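Asks: Below is a structure I'd like to ask you about.
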Amino acid sequence: MRVVNLEDGDARAIYRNIELDARMFKKMRMFVHAEKIPTADNLLKDGDLTLFVRLGTDYNDNYYEYELPLKLTPAGKYDNNSDNEKYIVWPEENEVVIDFDELVNLKQSRNRTYGNSFCR
């Protein structure tokens, strides 16, 4: 997905609607790449872009949201043959690991604190 001219506070999304209870898995792991645009005169800094992942039965009230500020990588082409280049293109800071047990435990803790009527 390539996004240009994104205004501050705007969002773009890719949706994948599936009937799957992800809680049967222990973790979801994803690598994210955010590349600087060579002509942008360094206007975009690390952390200016944020990835968010929403998991749930709908995208209004019943979801978990995971958010991660992204580290930008230099523009260019890489052969990805060395470990140094691999971590330039896929920095560890942009690795997403969602532990489903932690999400369930957090929800249960929230419900104990605020009661089951708390729906967000």
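Heads up: the sequence shown runs through residues 6 to 125, numbered per this note's numbering.
For every residue, glycine included, the Cβ atom is placed at its ideal position computed from N, Cα and C.
Every value quoted in this text rests on a predicted model; they were computed, and no experiment measured them.
1) Taking the C-alpha atoms as reference points, what is the distance between residue 118 and residue 111?
2) Closest to residue 27 by C-alpha separation, out of 113, 107, 114, would be which residue?
3) For the alpha helix (DSSP H) that contains residue 112, what are its first and last residues?
4) Under a three-way DSSP split, which group does residue 78 fall into?
5) With burial defined as no fewer than 16 other Cβ atoms inside 10 Å of the residue's Cβ, what is the status of residue 25: buried or exposed?
Replies: Result, derived from the coordinates:
1) 11 Å
2) 107
3) 105-119
4) strand
5) exposed
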